[in-house]
Amino acid sequence: MTPTRILALETSCDETAAAVVTDSLDVLASVVASQDELHRRFGGVVPEIASRAHVERILPVIDQTLSNAGLTLDQIDAVAVANTPGLAGSLLVGLVAAKAICAARNLPLIAIDHLQAHVYACRVASGHDVFPCVGLIASGGHTNLYDCRGPLEFELLGATIDDAAGEAFDKVAAMLGLPYPGGPAIERAAAAGDPKAYDLPRTFLRDERRLDFSFSGLKTAVRYTLVGPGKSDFSKLRLDPQRVANLAASFQEAVVDCLVDKAFLCLRKTGRRTLCVGGGVAANGRLRERLEARSRLEDVQLHIAPPRLCTDNAVMGAIAVERFKASEFESLDLDVLPGVVRRTG
Ligand code: KG4
Ligand code: ZN
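In the numbering used here, the protein residues as written are 281 to 625.
Right, here's the structure in full:
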């Protein structure tokens with residue numbers, strides 16, 4: 281029997297991505313067009329530039345994906361698209377492309393929650409069921425902890441009250457003169473640094489009542505260490521490579537301490553024994569190492585997708601298979617929802 285084939289699209293932030301996945305979660309093709317080059321000189325994603333770049337790339341990315349899979353649109357059974365959360369203009373480009381294909385080909389349209397999809401990347405990568413679990417998503421836009429009762433049944437239990445973890449990596453990298461995206465650059469610099477060189481704050485770490493995160497105080501602490509308390513002028517700053525390495529390592533360790541500790545607090549509070557971790561920051565080697573060590577210690581089943589499935593991609597859009605099986609299709613009136621959905625299912 282021919283498998284069901286879903287074309288999944290992802291344009292929630294600054295990657296234009298498409299993939300073809302089957303109902304047995306085989307990935308037939310996956311293409312990701314990164315916009316890092318366009319946003320680098322601004323040190324972060326510029327929404328207007330991101331949506332314009334999506335407009336230019338979405339059709340070539342879809343064509344390339346179908347061609348890599350050796351398929352035409354005639355052999356696709358449904359189109360799925362991330363419509364929440366993300367940058368409104370970016371989300372709209374993927375949604376309009378998906379609707380146009382569905383209208384032209386009379387195909388069903390499936391909505392994807394981008395954050396649920398990040399957790400589902402663990403399901404695709406592991407090859408077996410990972411639910412129920414605690415889901416930790418650490419990306420450029422979100423740092424969320426979920427109780428995931430099933431692939432489509434999520435409850436938000438904790439979130440950052442200010443900067444997302446990835447955003448803090450990007451901003452601290454800019455202060456240290458490192459390139460965008462900051463996460464990989466800080467990780468590389470930290471390899472030659474001492475994580476104990478600077479004593480940086482770990483907000484809420486000792487507060488067992490809260491599953492929230494806050495990284496803006498940490499970011500400010502790095503700034504004060506560099507330019508002095510209350511100051512923000514970086515123009516006269518002279519940075520030697522060892523100082524950069526030590527600050528990068530100390531900052532990374534502080535973020536990792538918070539992420540690991542709150543994820544395990546969430547496991548304790550929910551009674552779950554499985555932890556799935558996704559989002560761009562989950563590509564970080566130190567975070568992966570620390571999560572693996574703690575999971576061994578506490579006998580927790582840990583699933584972290586390979587780094588290329590942690591950063592934004594459309595393979596994680598395979599979560600659409602769950603909706604396809606439940607015949608959960610959308611009308612062509614579907615809209616984007618830039619904010620986070622707190623509870624589903
Ligand atoms: O999930 P993602 O690709 O896009 C969003 O949905 O935001 O995450 C991008 C974020 C960026 O802030 C980037 O600096 C961070 O993930 N990131 C990392 C690493 N690779 C990407 N952070 C720490 N270590 C990394 N190796
Ligand atoms: Zn993401």
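Ideal placement from N, C-alpha and C gives every residue a C-beta, glycine not left out.
Nothing here was measured: the structure is a model prediction, and the numbers come from that model.
C-beta atoms of residue i and residue j nearer than 8 angstroms
i, j, result
"isoleucine 584", "tyrosine 400", "no"
"glutamate 626", "isoleucine 338", "Nothing about residue 626 can be reported from this structure: the residues present for the chain run from 281 to 625 only."
"leucine 456", "alanine 528", "yes"
"valine 335", "valine 307", "no"
"valine 311", "histidine 319", "no"
"valine 404", "leucine 589", "yes"
"threonine 423", "alanine 445", "yes"
"threonine 352", "valine 616", "no"
"alanine 453", "alanine 471", "no"
"leucine 425", "cysteine 293", "no"
"serine 512", "arginine 503", "yes"
"valine 601", "arginine 570", "no"
"alanine 418", "glycine 559", "yes"
"glycine 430", "phenylalanine 411", "yes"
"glycine 324", "tyrosine 460", "yes"
"alanine 313", "glutamate 328", "no"
"glutamate 434", "glycine 625", "Reading off the sequence shown, one finds phenylalanine at residue 434, where the question assumed glutamate. Contact: yes."
"glutamine 344", "alanine 333", "no"
"valine 561", "glycine 415", "no"
"alanine 594", "alanine 299", "yes"
"asparagine 526", "aspartate 474", "yes"
"phenylalanine 493", "threonine 440", "yes"
"threonine 302", "phenylalanine 604", "no"
"leucine 506", "leucine 517", "yes"
"leucine 436", "arginine 622", "yes"
CB contact check: residue i to chain D, cutoff 8 angstroms
i, result
"glycine 415", "No chain D appears in this structure, which consists of one protein chain only."
For residue i, the residue or residues it bridges with in DSSP
i, result
"arginine 518", "Paired residue(s): none; arginine 518 is not in a bridge."
"valine 301", "Ile286, Val307"
"leucine 527", "In DSSP, leucine 527 forms no bridge with anything."
"glutamate 295", "Ser314"
"threonine 262", "What is shown of the chain runs 281 to 625, which leaves residue 262 out entirely."
"alanine 358", "Ile286"
"phenylalanine 493", "Thr440"
Segments assigned alpha helix (DSSP H), at least 4 residues, entirely inside the region 543 to 622: 565 to 578, 587 to 590, 600 to 605
Which runs of the alpha helix (DSSP H) at least 4 residues long sit entirely within the region 399 to 459? Give them in chain order. 445 to 455
How about the region 570 to 584 and the region 542 to 562: do they share at least three Cβ pairs that are nearer than 8 angstroms? yes
Touch test, the region 522 to 539 against the region 563 to 573, Cβ-Cβ under 8 angstroms, three pairs minimum: yes
Please determine if the region 348 to 362 and the region 374 to 382 are in contact, where contact requires at least 3 C-beta pairs separated by less than 8 angstroms. yes
By C-beta, the residues closer than 5 angstroms to any heavy atom of the ligand ZN, given in chain order: Ser419, Asp592
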